[in-house]
Each structure stands twice: as C-alpha cells, then as structure tokens.
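K.L.:
Okay, here's the structure, questions in a sec.
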Amino acid sequence: MAKIAIIVYSTYGHLYNLAKEVKAGVESAGGVADLFRVPETLSQEILDKMHAPAADADFKIADLETLKEYDAFLFGVPTRFGNMPAQWTSFWGAAGSLWANGALYHKPAGVFVSTSIPGGGQEVTVRNYMSIIAHFGMIYVPLGYGKAFAQLTSFDEIHGGSPWGAGMFAGADGSRQASALEKEIAGIQGGEFASILSQKFGFEFSKEKSTDATTTTTTTAAVAAAPTEAKEAEKKAVTEKETKAGKARKDQSTKEKKKDIAASCSKCVIV
Numbered sequence: 001m002a003k004i005a006i007i008v009y010s011t012y013g014h015l016y017n018l019a020k021e022v023k024a025g026v027e028s029a030g031g032v033a034d035l036f037r038v039p040e041t042l043s044q045e046i047l048d049k050m051h052a053p054a055a056d057a058d059f060k061i062a063d064l065e066t067l068k069e070y071d072a073f074l075f076g077v078p079t080r081f082g083n084m085p086a087q088w089t090s091f092w093g094a095a096g097s098l099w100a101n102g103a104l105y106h107k108p109a110g111v112f113v114s115t116s117i118p119g120g121g122q123e124v125t126v127r128n129y130m131s132i133i134a135h136f137g138m139i140y141v142p143l144g145y146g147k148a149f150a151q152l153t154s155f156d157e158i159h160g161g162s163p164w165g166a167g168m169f170a171g172a173d174g175s176r177q178a179s180a181l182e183k184e185i186a187g188i189q190g191g192e193f194a195s196i197l198s199q200k201f202g203f204e205f206s207k208e209k210s211t212d213a214t215t216t217t218t219t220t221a222a223v224a225a226a227p228t229e230a231k232e233a234e235k236k237a238v239t240e241k242e243t244k245a246g247k248a249r250k251d252q253s254t255k256e257k258k259k260d261i262a263a264s265c266s267k268c269v270i271v
C-alpha cells in the first residue's frame with residue numbers, strides 16, 4: 001500500500017489548515033495520506049513571546065523514519081525571505097544519512113506554501129526548496145495548470161497559488177486565513193498528486209473491505225464489474241474538465257478587435 005506523508009511547518013497554524021485541504025484532495029482521489037509537522041526549534045519561552053498558538057494535535061512530529069517509511073511527500077513551507085524557515089533547514093540538516101543511502105531516491109514530492117502578501121515569494125520559495133528535492137533525488141511533481149486553470153487564473157479576488165503549487169496569503173500581520181479559493185486549489189493539488197502517483201508511478205492505494213461474508217461476496221462481484229464503468233466515468237469526467245479548461249484558455253487568449261484610433265500616441269500603452 002502506497003502512503004503519502006504531508007509534512008509542514010507552521011508557526012501560527014496557517015499551513016496546518018491548508019494541509020488538511022491537501023489531505024482531503026488526496027483522499028478524494030482514492031489516496032492515503034497522513035499529516036506531520038517538523039520539530040520546532042524555538043523554545044516555548046520564545047513562542048509565548050511571539051503569541052504563537054499550540055501546534056495542531058492532528059499533526060504528528062516527523063522524523064527520519066517518517067521519510068524512510070512513506071512513499072511520496074507533499075511539503076508545506078512558509079516562506080522566510082524567499083527560502084524555507086530554520087525549522088525546515090534543521091530537519092533536512094539531520095537527514096544526511098538518508099542522502100548518503102539514497103533512501104529518498106525517486107520518491108515523488110510536491111510543495112505548497114504560504115507568504116504574507118502577493119510578491120512575498122511564493123514561487124521562489126518553491127524553487128529554492130527544490131534544491132532539497134534535487135539533492136535527495138526526489139521527483140518534483142508540480143500542480144501545473146491542468147485541473148486548476150480556472151482557479152489559478154481567476155481575477156475575482158486576490159489569492160495565492162501557482163502552477164508550482166498551492167499557496168495562501170497570511171497578511172502582513174498574519175491575521176488572514178486561507179480563502180475558499182485557496183483551499184480549493186490546495187484540494188486540487190492533493191487530488192492531482194494522488195492521481196499522478198496512481199497513473200504515472202503505478203502506486204496502489206488500499207481500499208476498506210467489509211469483513212461480512214455476504215457483503216464481501218456482493219462487493220467482490222461488484223468490483224469485478226466496476227473497472228470498466230469506473231474508467232468510462234473517469235474518462236468522461238476528464239474529457240469534460242479538459243473541454244472546460246480549453247475553453248477557458250481560448251476565452252482568455254482571445255482579444256476583441258479595437259477600433260483604430262487616429263492619434264498614434266494613444267496607441268502607446270504601457271502594461
């Protein structure tokens with residue numbers, strides 16, 4: 001059974017909430033994921049002075065065994081000047097033995113982030129984090145535009161996220177939580193990640209099975225007939241989504257013809 005570890009660091013809890021949306025997305029695609037957080041490096045005294053809340057109890061503390069045990073990873077990284085925070089640096093700094101043994105080689109990995117504001121370093125944070133992914137031999141799996149085109153390109157509201165991975169803005173004072181749109185993008189990333197692992201990497205995720213004899217017999221018969229129907233339904237759903245995404249791209253790239261304007265200087269537009 002393939003297992004995905006969603007590992008984050010969050011001082012004020014923003015990425016805990018986003019990680020839960022990523023997990024829900026993974027599970028909606030039939031995947032299996034567990035929530036973890038990297039160990040805190042700040043003392044409780046300092047955290048109290050920073051008014052940092054207690055860590056979310058749903059997140060177990062990750063260690064080197066977590067990295068060895070799990071088959072794929074989704075890393076939640078809050079930016080620190082365009083880089084990962086010290087807690088993440090400390091975590092990876094202790095993983096030299098895994099690097100030496102190639103323990104993470106070819107394990108798929110994706111990244112989602114949080115920054116305070118637009119322009120606060122969402123994409124560059126992922127790019128800088130990719131140094132870790134590359135040196136440990138993991139395979140980076142981006143969100144891309146495929147299933148999230150409409151959400152990522154929406155101008156209805158300010159939002160985080162990019163083809164590099166889901167993201168959110170916390171606000172300059174940290175008071176902002178992830179919006180519904182940012183949560184939706186995070187869910188899409190989780191779902192896409194699980195689907196890619198299944199379709200491209202050949203990962204298999206276990207399903208719950210009933211222990212009742214009668215139910216088992218019925219379920220077995222149903223499962224035998226299900227693959228074709230499931231594949232057809234999935235194919236239809238993918239086709240519909242691709243059609244919508246294609247239309248959105250076409251609508252976005254199609255510009256209305258403008259009337260000629262006599263004054264040539266009025267045609268000079270700086271964008």
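For the record, in the sequence shown the residue sitting at position 105 is 105 according to the UniProt record's numbering, with numbers rising by one throughout. Ideal Cβ placement from N, Cα and C applies to all residues, glycine included. Since the model is a prediction, treat every value here as computed from it, not as a measurement.
Below 7 Å CB to CB, which residues in the same chain sit around LYS258 once its five sequence neighbours on both sides are set aside?
P.N.:
The pLDDT assigned to LYS258 is 48, lower than 50, so where the model puts this residue is not dependable; a value taken from the coordinates is nonetheless given after this. Contacts found: none.
K.L.:
The alpha helix (DSSP H) that contains MET1, what's its start and end?
P.N.:
Per DSSP, MET1 belongs to no alpha helix (DSSP H) and is neither H nor E.
K.L.:
Between PHE81 and GLY167, how many whole angstroms is the CB-CB distance? I'm expecting something under 8 Å.
P.N.:
PHE81 to GLY167, Cβ: 16 Å. No contact.
K.L.:
Pull up the DSSP beta-bridge partners for ILE61, would you.
P.N.:
ARG37
K.L.:
The alpha helix (DSSP H) with MET168 in it runs from where to where?
P.N.:
Careful: MET168 lies outside any alpha helix (DSSP H), inside the beta strand (DSSP E) at 167-169.
K.L.:
Based on DSSP bridge pairs, tell me the residues matched to TYR140.
P.N.:
In the DSSP output, where bridge partners are listed per residue, TYR140 has ALA109.
K.L.:
For the pair the segment 5-15 and the segment 48-59, tell me if three or more CB-CB distances fall below 8 Å.
P.N.:
yes
K.L.:
With DSSP as the reference, label PHE193 as helix, strand or coil.
P.N.:
Here DSSP, grouped into helix, strand and coil, assigns PHE193 to helix.
K.L.:
To the nearest whole angstrom, what separates the beta carbons of MET130 and LEU104, a pair I think is in contact under 8 Å?
P.N.:
Incorrect: roughly 14 Å between the Cβ atoms, too far for contact.
K.L.:
According to DSSP, is PHE149 part of a helix, a strand, or is it coil?
P.N.:
If DSSP states are grouped into helix, strand and coil, PHE149 belongs with the helices.
K.L.:
Measuring only the C-alpha atoms, how far is GLU110 from GLN122?
P.N.:
According to the sequence provided, residue 110 is Gly. The question's Glu does not apply to it. Cα-Cα distance, rounded: 14 Å.
K.L.:
Kindly indicate which three-state DSSP category VAL32 falls into: helix, strand or coil?
P.N.:
coil
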